[in-house]
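In the working numbering, the protein residues as written are 820 to 900.
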Amino acid sequence: MPGTFSSLFIVVFDRDFSGDVVPVWETVVGDDEPEALEEAKLLAMRHAGVIVWRESLPVDGKEGDPIIVFQSGAIGDIDWQ
């Protein structure tokens, strides 16, 4: 979309000693969605859960809602702010 900057984010989750789902790490993977999906599918085989979402920031500064492009397994709470 012209005039919009977007980034993809991957968050990986595992279970802690009490069985709760907690984030292990988060990364920004730029804007290459096929590459992010491939990485997320590989991570999903080794972790409790994975989510990939896209955030866009239009040039006018009005941030839209995140768009989930992939989700697998158990995910914990995500702070979208």
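We treat Cβ as the ideally placed atom computed from N, Cα and C, and that holds for glycine.
Next on the checklist: How far does the alpha helix (DSSP H) with isoleucine 853 in it extend, from its first residue to its last?
Outcome noted: At residue 853 the sequence reads proline, which differs from the isoleucine that was named. Unbroken alpha helix (DSSP H) run through proline 853: 852-863.
Checklist entry - Nearest to aspartate 851 by alpha carbon, out of Ile894, Gln890, Gly883, Phe824? => result Phe824
Checklist entry - Taking the C-alpha atoms as reference points, what is the distance between leucine 827 and phenylalanine 836? => result Cα to Cα, leucine 827 sits roughly 30 Å from phenylalanine 836.
Checklist entry - Grouping DSSP H, G and I as helix and E and B as strand, with all else coil, what is serine 910? => result One cannot answer for residue 910 here, as it falls past the ends of the chain, which runs 820 to 900.
Checklist entry - Which residues bound the beta strand (DSSP E) around valine 840? => result 840-847
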